[in-house]
Structure formats: structure tokens, C-alpha cells
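Presented below is the structure to which this report refers.
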Amino acid sequence: MSMRELVTGGAACAVPGSSSSSSNPLGAFANALIGSSSKTQGVLKEIPNAAAASPHAQFYPHADDPVAALPGSELDRPFLQSNPQGSEFIRGFRTADANGLADAWEEIQRQPHFDRVYEGATPAPPIQPSLDGPPQRVLSSFLHSFVDSSRSGIPLHPTPLPLLGLSQGDKQCIRDRSSIMARHIFADKSEEFINAQVNALLSSLEIENDIHARGPMPGRFRELEDYWNESQGVLKPGAHAADGWVTEFSQNRPHHGDLEAWAHSFEQKHGAGGWASEFEQMDIRSNLALSFLFFPLLSRALSSLYVHEQAQLTSVDQMRGGNIESLAAIQQTRMLAHTLSQNSDPKFQNSKFLQFVSKMSRGELIIDDNQVKPASENWATEYQQQYNGGASWADEFVHDEASRDLVFRGPDHWAIEFGAERLQQESVDDQWVNEFSKLHADDWAEEFGHQVGERALGDSSSDNWANSYDEFLNEQLVAKQRSDASRGVYVFSDMNPYVGHQNPLKEGQELFRKGLLSEAVLALEAEVMKNPENAEGWRLLGITHAENDDDQQAIAAMMRAQEADPTNLEVLLALGVSHTNELEQTAALKYLYGWLRHHPKYGTLAPPELANSLYYADVARLFNEAAQMSPEDADVHIVLGVLYNLSREYDKAIASFKTALKLKPNDYSLWNKLGATQANSVQSADAILAYQQALDLKPNYVRAWANMGISYANQGMYEESIRYYVRALAMNPKADNAWQYLRISLSCVSRNDMVEACDSRNLELLQKEFPL
Amino acid sequence: MANTELKSDNLFEMMKAHLASDAGKELTKKIGLVYQINIAPKKIGFDEVSYIVDLKKGEVTKGKYEGGKPDAIFSFKDDDFMKVATGKMNPQIAFMRGAMKIKGSLSAAQKFTPDIFPKPAKM
Chain W
1 MSMRELVTGG AACAVPGSSS SSSNPLGAFA NALIGSSSKT QGVLKEIPNA AAASPHAQFY
61 PHADDPVAAL PGSELDRPFL QSNPQGSEFI RGFRTADANG LADAWEEIQR QPHFDRVYEG
121 ATPAPPIQPS LDGPPQRVLS SFLHSFVDSS RSGIPLHPTP LPLLGLSQGD KQCIRDRSSI
181 MARHIFADKS EEFINAQVNA LLSSLEIEND IHARGPMPGR FRELEDYWNE SQGVLKPGAH
241 AADGWVTEFS QNRPHHGDLE AWAHSFEQKH GAGGWASEFE QMDIRSNLAL SFLFFPLLSR
301 ALSSLYVHEQ AQLTSVDQMR GGNIESLAAI QQTRMLAHTL SQNSDPKFQN SKFLQFVSKM
361 SRGELIIDDN QVKPASENWA TEYQQQYNGG ASWADEFVHD EASRDLVFRG PDHWAIEFGA
421 ERLQQESVDD QWVNEFSKLH ADDWAEEFGH QVGERALGDS SSDNWANSYD EFLNEQLVAK
481 QRSDASRGVY VFSDMNPYVG HQNPLKEGQE LFRKGLLSEA VLALEAEVMK NPENAEGWRL
541 LGITHAENDD DQQAIAAMMR AQEADPTNLE VLLALGVSHT NELEQTAALK YLYGWLRHHP
601 KYGTLAPPEL ANSLYYADVA RLFNEAAQMS PEDADVHIVL GVLYNLSREY DKAIASFKTA
661 LKLKPNDYSL WNKLGATQAN SVQSADAILA YQQALDLKPN YVRAWANMGI SYANQGMYEE
721 SIRYYVRALA MNPKADNAWQ YLRISLSCVS RNDMVEACDS RNLELLQKEF PL
Chain D
1 MANTELKSDN LFEMMKAHLA SDAGKELTKK IGLVYQINIA PKKIGFDEVS YIVDLKKGEV
61 TKGKYEGGKP DAIFSFKDDD FMKVATGKMN PQIAFMRGAM KIKGSLSAAQ KFTPDIFPKP
121 AKM
């Protein structure tokens with residue numbers, strides 16, 4: 001269990017029964033910070049307003065400003081109205097809980113956490129401080145040797161150093177921080193050893209050490225109280241400029257530059273390329289150690305409420321950036337987690353849902369518009385990639401830049417931003433704010449907590465919720481990849497073997513003809529990468545995607561085709577059909593009208609001024625005129641059929657498609673259109689016959705296979721539908737709709753084992769289980 | 001032509017026919033509840049159109065429920081409703097995100113699953 005879990009009193013700490021403390025000193029510590037769990041329980045009944053009773057909200061006193069600016073903020077709890085609780089909090093420190101706090105502190109000291117950070121990292125660099133060179137280099141390597149000495153346990157000896165010219169402020173900073181830090185990095189050593197180490201460090205740096213004068217550990221509570229007093233001071237009316245520790249933090253810096261504060265302040269003092277660059281090159285262990293060294297104890301305790309320890313630098317920065325909303329959300333989820341943990345159903349206790357909520361409450365997960373992302377792990381990974389020897393930061397960044405076209409707004413955005421040293425600091429902050437304003441934490445925590453409290457959820461329903469979370473987490477993987485396509489941007493495949501092919505268009509046409517749709521997609525992608533203005537390449541790519549049952553990509557490709565050739569009739573019809581499928585009437589109408597207007601024969605029927613205010617009735621009338629003009633033109637009947645689909649006049653649509661089929665009996669896509677229309681007008685049995693015709697003409701027609709599945713499912717024949725979906729997916733595993741429908745059908749026949757296979761996209765298993 | 005632009009309209013129209021089919025009758029047997037679904041074009045609570053999905057009688061009607069209280073009332077944005085009805089988004093997740101608001105009995109809401117909606121076929 002990580003220290004943060006203990007400190008924050010996560011799920012593991014909040015098990016029913018162990019209400020307050022005795023078994024868990026860190027829980028006591030957490031409770032001292034957060035408020036006792038019984039208090040939290042009481043608070044829960046009155047969410048959202050009573051949430052302010054949580055004392056630690058005190059530390060973010062200016063939070064009300066950004067919150068108030070957000071939509072829905074009227075639901076948010078007030079941050080500033082809890083002074084009584086605040087004083088209770090501080091009293092807790094001074095009196096009753098002081099012992100518990102001390103115990104908790106000792107417990108923290110004994111946690112092997114920091115040692116673990118050191119283990120598993122790269123082998124120790126030699127502890128050989130090079131003691132010549134420019135002052136900042138000397139200081140740097142000397143501090144390294146101080147940190148390194150923790151691993152070996154070798155006492156650090158006072159070393160005569162060249163004149164470093166440290167200012168009084170530097171000295172104070174180093175002295176204060178090193179005495180705190182030493183207790184972390186030498187957690188397994190005795191007090192004497194720690195003092196000796198610190199003394200050696202300080203005397204080497206010619207810093208006067210007053211540690212002994214203050215007694216063995218006077219710094220602990222003094223630190224806490226200082227922060228508290230500062231934050232209290234800030235709470236006074238008119239003085240809500242910044243939170244206490246952030247102010248303190250800023251004061252330690254000579255300039256208010258951007259974060260990595262300490263490194264930067266040194267950079268500013270000692271010139272660029274000094275210790276700051278050293279700092280970036282260090283491996284992650286020292287980095288962490290040093291960042292702890294210069295961050296106040298309390299800030300760590302608090303920030304670890306929502307960010308993993310490893311994210312120290314960022315967490316402080318994010319706080320400073322005003323991301324208080326995250327804390328509001330976390331506060332809500334923590335309370336929810338607590339309520340849920342009172343549910344005695346063991347299944348529920350072990351559910352991923354509860355784990356999920358707990359993780360949310362600890363800030364390990366945050367919810368983006370479309371995805372849950374692990375807040376810290378992601379970040380930590382990024383961080384390690386950046387700092388851990390091999391993968392150079394530059395490579396990482398170039399790679400991120402390259403993929404930015406595709407992953408424009410992804411969740412690792414802010415991690416990348418961080419890597420880019422916050423060049424776009426503001427946008428990142430905005431993103432956070434947006435994310436959390438979307439969370440509506442108040443809403444659901446209130447409603448859900450309430451219902452759970454009333455035991456409105458039966459036994460089975462908690463399973464439902466638990467299951468849905470497994471589902472949810474799986475969805476996110478897919479959502480990430482698909483979110484771009486949904487915005488109309490074509491998403492190219494990775495690792496396309498047809499790149500560099502001599503004539504990918506010809507290859508693509510050949511593959512399409514053979515019905516190898518997914519292969520054809522790759523070849524055609526290679527073509528349009530080579531010739532981005534090739535309308536035919538894009539058109540065929542769009543058609544292929546549509547037949548492969550991927551409408552989003554189909555629309556994206558067709559839009560490019562239309563850009564390249566705005567009057568291509570096939571493209572216009574395909575766009576009309578795709579938008580009809582997506583139930584987007586206005587867009588569909590526009591393209592179908594475009595078809596008429598650009599048609600060499602019927603263009604005269606379409607008055608250009610109509611294009612600005614399209615009404616369905618007008619367009620339908622024009623197409624009927626066209627159909628009367630040349631009843632032998634199958635295409636007109638096809639467009640009419642699509643139009644009638646748009647207005648849900650299915651009988652007319654079916655008649656139009658049947659007329660067209662008399663003229664074009666071998667058009668498999670026409671058979672599919674007929675089938676889809678019949679299916680949508682709940683004539684599923686007829687639809688299946690039409691789909692069968694289409695599949696006889698084109699056995700690899702993924703869309704028709706998927707439509708077959710839909711027809712069976714709509715008739716309640718889920719078992720059959722599963723076989724067809726699986727068949728479609730075997731031909732195109734990227735057909736997302738089919739995956740979603742497959743999942744619904746699997747749950748309808750209560751095949752939870754196979755739902756798992758579906759979630760992990762284990763086609764092999766599904767095909768074995770559901771052969772056609 | 002319908003005078004609104006809601007995608008959900010199509011689905012509810014489809015559902016009217018669907019509930020008359022055998023599969024639809026199974027649904028009424030299985031669920032037997034009345035839902036009111038409010039669909040907003042852009043933002044929940046604004047310009048909402050209400051549908052009653054009566055899975056007792058097997059009817060879909062436009063407009064607010066008359067004759068008592070529905071078992072549960074849901075509010076969605078048009079897009080989000082389509083996502084939930086087609087299985088792109090799970091109802092619980094929609095609720096979590098605030099994409100779906102629920103009033104009424106949560107146990108009735110639990111039965112609100114994507115399989116009560118017919119799936120649109122694609123041309």
C-alpha cells in the first residue's frame with residue numbers, strides 16, 4: 001500500500017468497522033487532516049453543501065473564484081464558510097490528536113517508500129563529487145552525493161568546498177529543506193545518523209545549523225503550524241490572493257517564474273545550463289528526492305490527495321494554476337467511496353466499481369470527456385520516459401509532436417505539455433478546469449450516495465453497477481482511438497505495408513474487387529497519402545469503409561473526396577447515404593440536393609437559390625420530377641429511396657429501391673439499402689432475405705453481415721444475432737458498431753463470460769463459441 | 001418531414017413499430033415500466049422534447065406523461081441519448097458523467113438498458 005493511500009485513507013483504509021484510527025496510525029493522521037470519518041459520514045447526508053465541513057478545503061481558499069465561473073457552479077459547495085471547522089482542525093493538532101499525529105508521523109518515517117523509489121532504478125552513479133568546476137556544478141554534485149549516501153548508508157563527511165557564494169536565502173532554503181528531506185531519504189536510519197548527515201551537508205556548505213538548538217525534531221509541527229497560520233492569514237477577508245502553502249512556496253523563489261521552481265530559481269540565479277540542466281539530466285530517483293527536498297511537508301500531504309507522489313512537481317504547479325475543481329471532484333468521490341464502502345455486500349466491496357471510485361477519490365483517475373485516465377501513472381510514465389537515461393526527451397517530444405495531428409486533444413496532452421515545459425500552460429489549465437466541470441461530481445455523488453444510503457439498490461443492482469465499471473474502463477481504450485474520427489478527421493492506420501507501393505490505387509481497386517476490404521483500406525490509404533488530391537482514391541476509400549461498416553471513417557474519407565472533386569455524383573450520393581445513416585437530416589439533404597444540382601441531366605431542375613434554404617418537401621418534389629423525366633435511371637430511384645428513409649416514409653423508400661433493383665439487379669449495395677429500409681420499418685424477416693441477396697453477390701460485405709445481426713437482434717433472436725456480428729467482426733475487427741451491438745446481444749443472453757471476451761476483443765474465442 | 005432536427009426522433013419512431021412486433025411484446029412483459037425521456041438538442045433542461053416509452057402498454061408517445069407519474073424520468077442531450085440507445089455509452093456511465101439525469105426510482109432506472117431500443121440498420 002502506498003503511502004498516499006494510507007495518508008488519504010483510501011478504500012483500504014475505509015473498510016467498514018475501522019471507523020477512526022486505532023489500527024491505522026496513518027488513518028489517524030489522515031483523519032486529522034481530512035476530518036474524522038464519522039464526521040464525513042454525517043456530512044454525506046447533506047452533500048453538497050456540507051462538504052465544506054471538510055477542513056482541508058481550507059487550504060484552497062481562493063478556489064471559489066474559478067469555481068464560480070464555471071457552469072453548474074451553483075451546485076458546488078462554498079469553500080470559505082467553514083471557519084469553525086477550521087479552528088477545530090487546528091485545535092485537533094494542538095490537543096487531543098497531537099499524539100496520534102506524532103504516531104502517524106513516526107509511521108510515515110518508517111515507510112520504506114522512498115527506498116523503494118531507489119530500488120529498481122538504474123545503478124548508482126559513483127559517489128564521487130567532483131569538487132571543482134563552476135560553483136553550481138560543485139553544488140549539484142555535492143547535493144547528489146548527499147542523496148546518494150542514503151542508499152549506501154555511508155556517512156557523509158564534511159568536505160571542504162570551494163567558495164560557492166550562496167546567498168542567505170539559498171542557505172536558509174537548503175537548511176530547511178534538507179532537514180526535512182533527510183528524514184525521508186534516511187527513513188531507516190537513526191535520528192543521530194540523520195542529524196550527522198545534515199550537519200555534514202550544512203557545514204560543508206558553510207551553513208549554520210540550528211537543528212540542535214531546536215531540539216531533536218522541532219521542525220515537524222512548526223512546519224505544519226506555519227502553513228496553517230499562513231493559510232489562515234490568507235483566509236482573512238480581502239487577502240485571498242493565494243493559498244497558504246503556495247504562497248510560501250512562491251516566496252521561496254526569488255522570481256515568479258514557472259515551476260520546477262527550485263531548479264528554475266537556481267537557473268535564474270546561477271545562469272542557464274547550471275544546475276537546472278543538471279536537474280533535468282538526473283535520473284528519476286534523484287529528481288524525486290530533490291523535489292521532495294524542496295517542497296514543504298504539508299504540501300506533499302495535501303497534494304498527494306489527488307496526485308501520486310511521483311507527480312510532485314506537477315501537482316504543485318497544477319495547484320498553483322488554480323485547478324481546485326479537481327479537489328472538489330475528488331472530495332465528492334471520496335465521500336461516495338466512503339458511502340459505498342458501508343455496503344456490506346462482499347461482491348460489491350471487491351468490485352472494480354468501488355476500486356474505481358476509490359481511485360477517483362484519490363485522484364489517481366480523472367474523467368475526461370470521453371475517457372478515464374490514470375492521473376498519476378500516465379504522468380509518471382511520461383516522466384520516466386523523459387528522464388530515464390535512454391529515451392531522450394527530444395525524441396519523445398518529436399514523437400508527440402508528430403502524433404499531435406492525430407491525437408489532438410488526448411489525455412496525455414497535459415503530460416506532453418509538461419514535457420514541453422509548460423509552453424502552453426494556460427491551455428492545460430483550461431483543460432483541467434473543463435474536465436472537472438464536466439464531471440458533475442456533485443450531482444451524481446448526491447444522487448447515488450442518497451440511493452445507496454436508502455438501500456434503493458437491490459443486491460443484483462450493485463453487480464450491475466460493478467459490471468458497468470469494467471465495461472466503462474474497457475470502453476475508454478477504444479474511445480481514445482475513435483474520438484478523432486468522430487470529429488470528421490480521417491485517421492490513418494499505423495504501419496501501412498502499402499506505403500512505398502508503386503501503384504497503390506490499382507492495388508486498392510483490385511483488393512476492393514476481391515472483397516478484401518480491410519486490405520483495400522490500407523492500399524487506398526497509401527494512395528491518398530501519396531496523392532492527397534486524388535478524389536478517386538478518397539472516394540473508393542470512403543466506399544470501402546462504408547462497406548466495412550465504419551461510417552465515421554467513411555464520412556471522413558468522403559469529405560476529402562468532395563474537397564478534391566466537389567461535383568462528383570457518386571461522392572455526393574455516398575455522403576447523403578452516410579449522413580442519413582447517422583440520422584443527420586440537414587447534412588444528408590444538402591448532399592442529396594447537391595447530387596441533383598450537379599447532375600448533367602437534372603441539374604436544370606434544381607434552382608441554385610434553393611440550396612440556401614433546403615426543405616425536405618421541395619427536394620423530394622424535385623427528385624420525383626427527375627424520376628418522371630427518366631424512369632429508366634436507377635440512380636434517381638436510389639436517391640429517392642434514401643430521401644424517403646430520411647422522412648421515415650419506409651414504404652415509399654422500399655418501392656423506390658425495388659424499382660431501382662429491377663434496373664440494377666446485381667447491385668449488392670442496393671440490396672443492402674433495401675434490406676436496411678425494411679429492417680428500419682420493422683420488416684425484419686424481409687430484410688434478412690434482402691441482405692442474403694447482397695451477401696450472395698458480395699460475400700465479404702461486412703455491413704450486410706452486421707445488418708443481419710441487427711435484424712435478428714431486433715426480433716429478439718439474440719443468439720443468432722451474435723453469430724452474425726462475430727462474422728462481421730472477423731472480417732473487420734474495427735467495426736465499432738458491431739462490437740457494441742455484440743455486447744448488447746451477449747448481455748441479453750446472459751453470456752457474461754463472453755462479454756469479457758467481447759470487451760477484450762478476443763475474436764478467436766468468440767468465433768470458436770459462436771460459429772456461423 | 002418531422003419539424004424537429006433530433007436524431008432521437010427517428011429512434012422513437014422506429015420504436016413505435018418495434019414495440020408492436022413480437023420482440024417488442026417480450027420487452028413489455030420483461031420490463032413493465034413507464035419511462036419518460038426528455039431529449040434536449042444541445043443542453044439538458046433547454047428546449048426539451050419529451051417522449052413516453054410505456055413498456056406496460058407497449059406504446060411510445062410524444063409529450064409529457066398524463067395519468068400519473070412515470071416510473072423514471074430521464075433527461076439527455078440528443079447525441080448522448082443516441083449513444084446510450086445504440087450501446088456506444090452505457091447508461092451508468094452516462095449518469096456518472098452527467099450526460100443522463102434520472103428522476104424517480106433508481107431500481108426502475110436500472111432496467112433502462114440499450115436492448116430496449118431497436119437498432120437502426122445502415123444502408
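Chains as they are written, first to last, in the UniProt record's numbering: chain W, 1 to 772; chain D, 1 to 123. The beta-carbon is built from N, C-alpha and C at its ideal position, and this holds for glycine as well.
Asked, Found
"Contacts of GLY675 of chain W in chain D (Cβ-Cβ under 8 Å)", "ALA121"
"Backbone CA spacing between LYS119 of chain D and PRO70 of chain D [nearest angstrom]", "24 Å"
"Residue from W:THR604, W:LEU517, W:SER745, W:TYR490 whose Cα sits closest to the Cα of GLY716 of chain W", "W:SER745"
"Chain W within 9 Å of ASN10 of chain D, Cβ atoms only", "yes"
"Minimum C-alpha distance to ILE654 of chain W - residue among W:LEU674, W:VAL636, W:LYS664", "W:LEU674"
"Helix, strand or coil at ASN732 of chain W according to DSSP, with G and I counted as helix", "coil"
"ALA757 of chain W to ASN10 of chain D span [Cα, whole Å]", "32 Å"
"PRO114 of chain D: contacting residues in chain W (beta-carbon distance under 7 Å)", "ILE744"
"With 16 other Cβ atoms within 10 Å as the buried cut-off, status of ASN666 of chain W", "exposed"
"Top-ranked residue by Cα proximity to PRO114 of chain D, from D:PHE12, D:GLN36, D:ASN90, D:LEU55", "D:ASN90"
"Contact set for PHE12 of chain D: own chain, Cβ-Cβ below 6 Å, skip 5 residues either direction", "TYR51, VAL60"
"Buried/exposed call for ARG621 of chain W, threshold 16 Cβ in 10 Å", "exposed"
"Beta-carbon gap between ALA535 of chain W and ALA561 of chain W smaller than 9 Å", "yes"
"LEU517 of chain W versus GLU510 of chain W: straight-line alpha-carbon distance, rounded", "10 Å"
"VAL84 of chain D - containing alpha helix (DSSP H), residue span", "78–85"
"CB contact check: ALA17 of chain D to chain W, cutoff 9 Å", "yes"
"Short CB-CB distance (under 9 Å) between SER21 of chain D and chain W", "yes"
"Chain-order list of residues whose beta-carbon lies under 7 Å from that of ALA109 of chain D (same chain, five-residue window excluded)", "ALA72, ILE102"
"Helix, strand or coil at VAL49 of chain D [DSSP, three-state]", "strand"
"Closest Cα partner of TYR490 of chain W within the set W:LYS514, W:ARG539, W:GLU191", "W:ARG539"
"Rounded C-alpha distance that separates LYS171 of chain W from MET495 of chain W", "55 Å"
"Neighbourhood of GLY515 of chain W by C-beta, 7 Å cutoff - its chain only, sequence neighbours within 5 removed", "LYS698, PRO699, ASN700"
"Sequence-distant residues of its chain with Cβ nearer than 6 Å to ASN38 of chain D (five each side left out)", "GLU48, SER50, SER75"
"Environment of PRO504 of chain W [buried if 16+ CB atoms lie within 10 Å]", "buried"
"DSSP-derived helix/strand/coil call for GLN36 of chain D", "strand"
"Proximity of SER21 of chain D and SER684 of chain W at Cβ, strictly below 9 Å", "yes"
"Sub-9 Å separation of ARG703 of chain W and ASN548 of chain W beta-carbons", "yes"
"Of the listed residues D:LYS42, D:LYS30, D:ASP79, nearest to LYS57 of chain D (C-alpha basis)", "D:LYS30"
"is_contact[GLY68 of chain D, chain W] using C-beta, thresh 9 Å", "no"
"Selection from W:ASN612, W:LEU205, W:ASN672, W:TYR725 that minimises the alpha carbon distance to PRO546 of chain W", "Just to set this straight, residue 546 of chain W is Ala in the shown sequence, not Pro. Taking only the C-alpha atoms, the option nearest ALA546 of chain W is W:ASN672."
"Own chain residues within Cβ distance below 8 Å of LEU572 of chain W, not counting five before or after", "GLN562, TYR591, LEU592, GLY594, TRP595, HIS598"
"Rounded C-alpha distance that separates LEU695 of chain W from TRP705 of chain W", "8 Å"
"Contact set between CYS748 of chain W and chain D, taken where Cβ atoms lie within less than 9 Å", "THR113, ASP115"
"Proximity test, Cβ basis, 9 Å: THR586 of chain W and chain D", "yes"
"Own chain residues within Cβ distance below 6 Å of ALA713 of chain W, not counting five before or after", "SER721, SER745"
"Bounding residues of the alpha helix (DSSP H) (the contiguous stretch that carries VAL577 of chain W)", "569–581"
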